[in-house]
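Counting with full-length UniProt numbering, you get residues 1 to 288 for the letters of the sequence shown. I have placed the structure first, in the form of structure tokens, so that the comments after it can refer back to it.
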Amino acid sequence: MTQTQLKSDAAPAPAGDQSHRPHYTPADLEENHLDDSPRGTVVLLAVGVAVGILSGLFGIGGGTVIVPALVWLGLTQRHAAATSMLAIVPTSISGVCSYAVNGNVDWIAATLVFCGMLVGGQIGSWLLARLPEKVLRWAFVVFLVFVIVNQVMSNPSRDAQIEMHAATVAGLVVFGVIAGILAGLLGIGGGAICVPALTILFGASDLIARGTSLLAMFPNAITTTIANVRRRMVHVKAALIIGVTAAVITPLGTWVAGAVSPEANKVLFALYLAALLVRSLWVAVRKK
């Protein structure tokens with residue numbers, strides 16, 4: 001999406017269609033332009049490779065990588081988050097297939113989480129179009145701190161299963177709403193919060209948590225993307241380059257996840273998030 005396109009998108013919506021009118025500020029229009037040079041395309045392909053490996057390895061959609069990369073290439077935090085959600089769709093589908101082959105998906109838990117995310121994702125998308133860029137940047141930083149703390153507290157196992165009863169069912173749905181809001185607001189699939197939560201709160205093994213997380217997130221990514229497209233916040237070309245590349249690479253990350261121990265995977269995930277936190281904190285402080 002070019003700068004010229006955004007100016008057109010920001011024009012008043014036709015009568016009767018004011019509900020989806022974008023809430024852009026002048027700063028959004030000045031800052032939002034993606035690097036369409038060959039260098040930019042190479043970066044998008046590299047991001048796709050990285051996202052594919054991380055998605056398979058950690059059970060995440062890759063938004064925690066995609067959003068900072070797109071911001072670095074010139075998109076605003078708002079449009080980077082919206083574009084990230086579209087890229088997550090093919091990535092998560094590929095990851096689900098890879099984990100399901102080995103029986104590492106809890107279909108009932110994923111369905112319950114998705115039901116909550118379906119509602120939460122729409123709320124997050126609505127907030128995304130309205131909150132200031134500064135708030136979005138700091139929300140991303142706070143989110144990363146929360147996930148790192150939860151990851152350090154987790155005690156992963158390869159044998160644990162989610163035990164279904166009334167409290168678990170209600171808890172999974174409520175958690176899905178919260179995860180959906182964060183996903184729509186921050187442009188993440190929700191895996192970075194779903195995986196630790198499914199392990200710590202609901203007792204899933206590390207591999208089942210990853211497979212279940214990927215299954216829960218891709219329908220939410222679709223519905224949230226539809227809302228974002230209607231609000232004209234998605235750079236489709238960038239999303240497809242990243243998403244298709246990641247979908248091809250994801251099975252490799254899934255294989256690595258099964259080859260390393262739960263403890264090693266926990267440490268790798270925490271280190272990855274810590275590095276991302278430093279980068280995101282630097283961006284939030286620099287762009288006051």
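All residues carry an ideal CB built from backbone N, CA and C; glycine is no exception. Source: prediction; values computed, not measured.
Review point. Under a Cβ-count criterion, where at least 16 other Cβ atoms within 10 Å of its own Cβ denotes burial, should P262 be classed as buried or exposed?
Key: buried
Practice item. Taking V145 as part of the alpha helix (DSSP H), name the residues at either end of that continuous run. Key: 133-153
Exercise for review: Report yes if the C-beta distance between A270 and G52 is below 8 Å; otherwise report no.
Suggested key: no
Check your understanding: How is G74 classed by DSSP in three states: helix, strand or coil?
Key -> coil
Review point. How long is the line joining the alpha carbons of T83 and G63, rounded to whole angstroms?
Key: 9 Å
**Study point:** Helix, strand or coil at Q161 according to DSSP, with G and I counted as helix
**Key:** coil
Review point. Starting from D206 and walking both ways along the alpha helix (DSSP H), at which residues does that stretch end?
Key: 206-230
Point to revise | Continuous alpha helix (DSSP H) stretch holding M233: start and end | key: Run containing M233: none; DSSP gives neither H nor E here.
**Study point:** Best match in F146, L186, A264, D159 for proximity to A129 [C-alpha to C-alpha]
**Key:** L186
Exercise for review: To the nearest angstrom, report how far apart L86 and A216 are at their CA atoms.
Suggested key: 15 Å
Point to revise | Nearest-angstrom Cβ-Cβ length linking V119 and V174, presumed shorter than 8 Å | key: About 10 Å; that fails the 8 Å criterion.
Exercise for review: With a cut-off of 8 Å on the beta carbons, I'd call V141 and L277 a contact; round off their distance for me.
Suggested key: 7 Å
Check your understanding: Thinking just about the alpha-carbon of each residue, which of N228, I193, T224, I222 is nearest to the one in T212?
Key -> I193
Review point. Can the beta-carbon of F95 be found closer than 8 Å to that of G56?
Key: For clarity, residue 95 is Gly in the given sequence; the question names Phe instead. Contact: yes.
Check your understanding: With 16 as the cutoff for other CB atoms within 10 Å, does S280 come out buried or exposed?
Key -> buried
Review point. Can you tell me where the alpha helix (DSSP H) with A129 in it begins and where it stops?
Key: Looking at the DSSP string, A129 is not in any alpha helix (DSSP H), and its letter there is neither H nor E.
Review point. Once you ignore the five residues that flank F114 on each side, which residues in its own chain have a CB closer than 7 Å to its CB?
Key: G176, A216, P219, N220
Practice item. Express the C-alpha separation of A167 and V43 in angstroms, rounding to a whole number. Key: 45 Å
Practice item. For G50, I'd like the list of residues in its chain whose CB is within less than 7 Å of its CB, leaving aside the five on either flank, ordered along the chain. Key: Checking the displayed sequence, the identity of residue 50 turns out to be Ala instead of Gly. So the qualifying residues of the chain are V65.
Practice item. Report the residue from V105, V67, I181 whose alpha carbon sits nearest the alpha carbon of V195. Key: V105
Check your understanding: Taking Cβ positions, are L182 and G258 nearer each other than 8 Å?
Key -> no
Check your understanding: Since L45 is in the alpha helix (DSSP H), which residue starts that stretch and which ends it?
Key -> 38-58
Check your understanding: Using the beta-carbon count (16 or more within 10 Å), is R286 buried or exposed?
Key -> exposed
**Study point:** DSSP three-state assignment for H33, whether helix, strand or coil
**Key:** coil
Check your understanding: Taking the alpha-carbon positions, what's the T254 to I93 distance?
Key -> 13 Å
Point to revise | Within-8 Å CB hit, G121 to chain C | key: The structure shown contains no chain C; it holds only a single protein chain.
Point to revise | Among T111, T225, T224, Q161, the one whose alpha carbon lies nearest that of I200 | key: Q161
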